[in-house]
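Undergrad: First to last, the protein sequences are chains A and B.
Sequential numbering from 351 applies to the first sequence in our numbering.
Sequential numbering from 351 applies to the second sequence in our numbering.
Yeah, the Cβ is synthetic: ideal placement off N, Cα and C, and Gly gets one too.
Please see the structure below; I have some questions.
There are 2 protein chains.
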Amino acid sequence: MAAFRLTVDLVVLTIRAGALNVLLVQRGIPPYQGEWALPGGFVLDDEDLDAAAVRELREETGVTAVGAGHLEQLRTYGAPGRDPRGRVVSVAYLALLPDLPAPTAGSDASGAAWHPLPGPCLAFDHREILRDGVERARAKLEYTSLGAAFCPAEFTIAELRAVYEAVWHTTLDPRNFHRKVTTTDGFVAPTGERRTGVGRPAELFRRGEAEVLHPPIMRPART
Amino acid sequence: MAAFRLTVDLVVLTIRAGALNVLLVQRGIPPYQGEWALPGGFVLDDEDLDAAAVRELREETGVTAVGAGHLEQLRTYGAPGRDPRGRVVSVAYLALLPDLPAPTAGSDASGAAWHPLPGPCLAFDHREILRDGVERARAKLEYTSLGAAFCPAEFTIAELRAVYEAVWHTTLDPRNFHRKVTTTDGFVAPTGERRTGVGRPAELFRRGEAEVLHPPIMRPART
DNA sequence: AGGGATTATCGTCGTTCTGACGATAACACC
DNA sequence: GGTGTTATCGTCAGAACGACGATAATCCCT
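Right, dumping it as structure tokens:
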């Protein structure tokens, strides 16, 4: 029951070019120098865990407001030996963000970049953490309205559908998806405006106030 | 990034007399001496987090095999000031167990007992942890087969239904519940035997191999 | 201006799932 | 044998879903 050191590690996901991407940094210092890893860092002495996650997210990505996206605690990883520096326990967070401008490099990372899944080999046990994060995101899209966290404040139904298709790696029927989303109470709220592009202009929506969906959106059977 | 101390705290739930109960210990040492708290203790120097949870569960409840029930990591709580002894971060675990003989008192607890929810005032931030644990259990009963973790190895559909009714604090139609459980693939498997009691003998079932339920069991609307 | 391509949105139809509830079965007890 | 009690099977209307046709509203091209 002696001393532990605590880190937060972030699984930051977004949709880019129709694919699920994760934000990775190239480690600038040992251990695992030069290898890819999840962004993260040590928790400060008198810092709340959530605050540490928000701080690291800001430092590594320049994301200041989580308001647009979503940030939640994922799981804590504390196997002895998972970090060669000693007994380091990591509280992992899952962040879902709309597509952003290129990320910034952090203090102890020589580079940060988006990687389509599955990404490269990762340092520490970060491959396991990433797998758990993606699985959590996949599951939560079924029974919560979190899919909208991948979208900007205003979005079309087609953009939201593209999120589901990217995260689940399937294709969904546009008509049935539209019906499900617009008839599920509190999922999305129309803004009254429309966005013009290729094809018929699409109505713009904002996130609804509902957090959980009853009934959930069913993911097509086994892949 | 200096020294943290790490504890595991357990939200141990079971069904007793048709009600959801939580296992609490009366603290035998300061801080909060004499008050009720979740069972738990410090993580050893080279001990895995899951192993620490299993150890504490055994020490405080005498539960040796988790095989019957279910144990999973719940969340980590690390707000500065949550423990007057200093910076103590707690990894909370959620355990779902079938009804057991009376629990044993642990080393640093002068007594351990089952409490129907909502229990008494709790030390530290354990009230919040308990609330999160109960909420997790309620949600997981909808889309997983974890309800069977509250039952002994062999159980009747009525016993399983009593679990859902206790955890959700509702009443469910016995005929529709029976249909749903027996027709959902992999939820339960018949043993071929039956148990006699009051009324017509009931068929005995074992847990099926399915972990997630497609589609989920819907909890009746708002309470 | 008009035709084609493209995407959004609305409907339809048959199937499945659900909730409400009636009917029967298989015991224990008297 | 009758009665009470619980388990299990059926039925039926309404809701939800998957597949897919039909229409609407724009852009692009000629």
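1) Quick one: what does DSSP say tyrosine 427(A) is sitting in, helix, strand or coil?
2) To the nearest angstrom, how far is the alpha carbon of valine 538(A) from that of leucine 496(A)?
3) Output, in chain order, the set of chain A residues within a Cβ distance shorter than 9 Å of alanine 411(B).
4) Ignore the nearest five residues each way along the sequence and tell me which others in threonine 573(A)'s own chain have a CB closer than 6 Å to its CB.
5) Given this structure, state the Cα-to-Cα distance separating arginine 377(B) from cysteine 501(A), to the nearest angstrom.
6) Name, in chain order, the residues that DSSP records as bridge partners for tryptophan 518(B).
7) Please determine, among Gln383(A), Ile365(A), Gly547(A), the residue with the shortest C-alpha to C-alpha distance to alanine 499(A).
8) Per DSSP, glutamate 553(A) forms a beta bridge with which residues?
9) Are there three or more Cβ pairs, one per stretch, closer than 8 Å when the region 472 to 492 of chain B is compared with the region 418 to 434 of chain B?
10) Below 8 Å CB to CB, which residues in the same chain sit around threonine 506(A) once its five sequence neighbours on both sides are set aside?
11) The alpha helix (DSSP H) with arginine 488(A) in it runs from where to where?
12) Can you tell me whether DSSP reads glycine 558(A) as helix, strand or coil?
13) Going along chain A, which residues have a C-beta under 9 Å from leucine 480(B)?
14) Which residues in the same chain have their Cβ closer than 7 Å to the Cβ of arginine 511(A), if we skip the five residues on either side of it in sequence?
15) Tell me, please, whether the CB atom of arginine 529(B) is closer than 8 Å to any CB atom in chain A?
16) Run through chain A and tell me which residues come within less than 7 Å of threonine 426(B), C-beta to C-beta.
17) Within the 8 Å Cβ cut-off, does alanine 352(A) reach chain B?
18) What first and last residue would you give for the alpha helix (DSSP H) that runs through arginine 405(B)?
19) Using 10 angstroms around the beta-carbon of glutamate 410(B), count the other beta-carbons present and answer buried if the total reaches 16, otherwise exposed.
20) Between the C-alpha atoms of alanine 387(A) and glutamine 383(B), what's the straight-line distance to the nearest angstrom?
21) Hey, methionine 568(A) and proline 565(B): beta-carbon distance below 8 Å or not?
22) Taking 8 Å as the threshold (beta carbon to beta carbon), is leucine 444(A) in contact with chain B?
23) The alpha helix (DSSP H) with valine 375(B) in it runs from where to where?
24) For chain A, check one thing: does any of its Cβ atoms lie closer than 8 Å to the Cβ of aspartate 396(B)?
25) How far does the beta strand (DSSP E) with phenylalanine 392(A) in it extend, from its first residue to its last?
26) Just to confirm my understanding: we take leucine 394(B), look at its own chain, exclude 5 residues before and 5 after, and list those with CB closer than 7 Å. What are they?
27) Let's test the definition: count the other Cβ atoms within 10 Å of the Cβ of isoleucine 479(A) and tell me whether it reaches 16, buried, or not, exposed.
28) When we look at the beta-carbon of aspartate 570(A) and count the other beta-carbons within 10 Å, is it buried (16 or more) or exposed?
29) Judging by CA-CA distance, which residue of Pro381(A), Leu360(A), Lys490(A), Arg408(A) is the nearest neighbour of proline 389(A)?
30) Here's a check: name, in chain order, each residue in its chain whose Cβ is nearer than 7 Å to the Cβ of alanine 503(B), leaving out the five neighbours to either side.
31) Could you pull out every residue in the same chain whose Cβ sits closer than 6 Å to the Cβ of proline 466(B), ignoring the five residues on either side in sequence?
32) My output table needs one value for alanine 352(B): the three-state DSSP class, helix, strand or coil.
33) Please report the distance separating the alpha-carbon of arginine 425(B) from that of glycine 547(A).
34) Between leucine 472(B) and chain A, is there a C-beta pair that is closer than 8 Å?
35) Out of Ile379(B), Ala353(B), Glu485(B), Arg550(B), point me to the one whose CA is closest to glycine 461(B)'s CA.
36) Going by beta carbon distance, what residues of the same chain come within less than 6 Å of valine 484(A), once the five residues before and after it are set aside?
TA: Considering the structure as presented:
1) Strand.
2) Straight-line Cα distance between these residues: approximately 11 Å.
3) In the sequence under discussion, the amino acid at residue 411(B) is threonine, which differs from the alanine named in the question. Per Cβ cutoff of 9 Å: no residues; threonine 411(B) is ~21 Å from chain A at best.
4) Because the pLDDT at threonine 573(A) is just 48, under 50, the model does not fix this residue reliably, and the value given afterwards should be weighed accordingly. Short of 6 Å from the beta carbon of threonine 573(A), and not among the five residues preceding or following it, lies no beta carbon of its own chain.
5) Taking the straight line joining both Cα atoms gives about 48 Å.
6) Its beta-bridge partners do not exist; DSSP assigns none.
7) From the listed residues Gln383(A), Ile365(A), Gly547(A), the smallest Cα separation to alanine 499(A) is found for Ile365(A).
8) Paired residue(s): Arg544(A).
9) In the pairwise beta carbon analysis, the region 472 to 492 of chain B is classified as touching the region 418 to 434 of chain B: at least three pairs are separated by under 8 Å.
10) Around threonine 506(A): Arg545, Ala552, Glu553, Leu554, Phe555.
11) Here the alpha helix (DSSP H) through arginine 488(A) covers 476 to 493.
12) Reduced to three states, the DSSP call for glycine 558(A) is coil.
13) Chain A residues near leucine 480(B): none, gap ~17 Å exceeds 9 Å.
14) If we look at arginine 511(A) and ignore the five residues flanking it on each side, its Cβ neighbours are Leu522, Pro524, Phe527.
15) Contacts with chain A at 8 Å (Cβ-Cβ) do not include arginine 529(B).
16) Under the 7 Å cutoff, chain A gives Leu399, Gln423, Thr426, Val441.
17) It does; some Cβ of chain B falls within 8 Å.
18) 399 to 411 is the span of the alpha helix (DSSP H), which, as asked, contains arginine 405(B).
19) Buried is the call here.
20) Each residue's CA atom was taken as its position, placing alanine 387(A) and glutamine 383(B) some 44 Å apart.
21) Cβ distance < 8 Å, so methionine 568(A) and proline 565(B) count as in contact.
22) No - not a single Cβ of chain B is within 8 Å of the one on leucine 444(A).
23) Looking at the DSSP string, valine 375(B) is not in any alpha helix (DSSP H); the run it does join, the beta strand (DSSP E), is 369 to 377.
24) Aspartate 396(B) counts as touching chain A.
25) Per DSSP, the unbroken beta strand (DSSP E) holding phenylalanine 392(A) starts and ends at 390 to 392.
26) These residues qualify, in order along the chain: Ala402.
27) Per the 10 Å Cβ criterion, buried.
28) Residue 570(A) is actually proline in this sequence, not aspartate. Answer is exposed; the Cβ neighbour count stays below 16.
29) The candidate whose alpha carbon is nearest that of proline 389(A) is Leu360(A).
30) Here the set comprises Ala418, Arg556.
31) For proline 466(B), the CB contacts under 6 Å within the same chain, skipping 5 residues up- and downstream, are Ala369, Asn371 in chain order.
32) In the structure shown, alanine 352(B) sits in coil (DSSP, three-state: anything other than H, G, I, E or B).
33) Roughly 44 Å between the two C-alpha positions.
34) It does not; no Cβ of chain A falls within 8 Å.
35) The shortest C-alpha to C-alpha distance from glycine 461(B) to any of Ile379(B), Ala353(B), Glu485(B), Arg550(B) is the one to Ile379(B).
36) None.
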